[in-house]
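Residue numbers (this note's numbering): 34 to 368.
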């Protein structure tokens, strides 16, 4: 079964192209947050990326590997993704710590890019969410006239904060946002998790570039939306409940960026569809019953452990379908 082992990236050129596509897709998300809060979100993302790259470089030196491996861009992508799920007012050291954990603990011990069992970015987000939930899920209110300072540590009491959509839903409240506000990201949330239209555009760009799997993304988002329709929050009904749930937490961000990690996700179409469906169910369950308001990263880590099994099942299923098709074609040819 060696042909099922990760990664699905077969050449260094393809790997570099895919990571560059993800970094390009992340730029408008960061720019949107800068427009709302000033330069602080950009510094959070940049420091997170630099921390991941420095840790990658140190690991390369310790393992006596050439620093040229940094050019594949995987460390930069890990740092950027961790930075994008941070609150705009998060202390600067927090994404740096998450990126260091992702590279040193989750990625490097398994041999580096292409050999890691778990998605490093999801693991970094998970450890930060579990250890520092107050800082992770404390968001500033959107006010174009107020620019967040770029201090290394920002005192929470110095900023007017606002409860996120996920926090309001968990408290049984109706967020009271219009459809246009949901689409344009006019609500409090993580740096890269509120701009719904931009996230959908990023998904279209990455699918067009074949950096992400259309099958996996559609099956995930479709499952999340169906779950949200069937299991609404109390006090909020109809399609608005589903829209709120899709825009809360990291639901959309996960489907666009975290879910499609080429190393830890299945390689066959059938497996990708199954992976997306089960990931969607698990993400929405954790949104409803989890201790934290955003459990997407934990869902991705669980699915990473199941990815080889799903791939194996899909591989055998594919062989059986091909065998059945050939048998029927041979029978039809003899008749």
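Virtual Cβ for every residue (Gly too), placed ideally from N, Cα, C.
Check, Outcome
"Report the rounded CA-to-CA distance for residue 314 versus residue 94, giving the unit in angstroms.", "41 Å"
"Please look up how many angstroms separate the CB atoms of residue 228 and residue 62, rounded, as I've assumed it's under 8 Å.", "6 Å"
"Where do the ends of the alpha helix (DSSP H) carrying residue 69 lie?", "45-70"
"Given this structure, state the Cα-to-Cα distance separating residue 359 from residue 295, to the nearest angstrom.", "31 Å"
"Quick check on this structure: which residue in 140, 136, 198, 88 has the alpha carbon closest to the alpha carbon of residue 321?", "198"
"Take residue 299 as the anchor and find which of 342, 90, 103 has the nearest alpha-carbon.", "342"
"Given a cut-off of 9 Å, decide if residue 224 and residue 119 are closer than it, judged by their beta-carbon atoms.", "yes"
"Just how far apart, CA to CA, sit residue 304 and residue 336?", "12 Å"
"Examine the Cβ distances between the stretch 275-291 and the stretch 250-257 and report whether three or more of them are shorter than 8 Å.", "yes"
"Do you know how far the Cα of residue 105 is from the Cα of residue 168?", "31 Å"
"Quick check on DSSP: helix, strand or coil for residue 173?", "strand"
"For residue 195, list the residues DSSP reports as bridge partners.", "172"
"Could you round the C-beta distance between residue 161 and residue 131 to whole angstroms and report it? I think they count as a contact, below 8 Å.", "4 Å"
"Please report the residue range of the alpha helix (DSSP H) in which residue 273 lies.", "271-280"
"Using the three-state DSSP reduction, which class does residue 36 fall into: helix, strand or coil?", "Note on residue 36: pLDDT 43, under 50, position unreliable in the model; the coordinate value appears next. Note: residue 36 maps to helix in three-state DSSP."
"Between residue 47 and the ligand ATP, is the CB less than 8 Å from at least one heavy atom?", "In the structure shown, the ligand ATP is absent, as is every other ligand, since no ligand is present at all."
"So residue 84 is in the alpha helix (DSSP H); what residue range does that whole segment cover?", "73-95"
"Figure out for me which residue from 306, 221, 362, 54 has the closest Cα to the Cα of residue 170.", "221"
"When you compare only the Cα positions, how much space is there between residue 259 and residue 241?", "25 Å"
"What separation, rounded to the nearest whole angstrom, lies between the Cα atoms of residue 174 and residue 291?", "26 Å"
"How far does the alpha helix (DSSP H) with residue 241 in it reach, from first residue to last?", "229-241"
"Would the beta-carbon of residue 66 fall within 9 Å of that of residue 75?", "yes"
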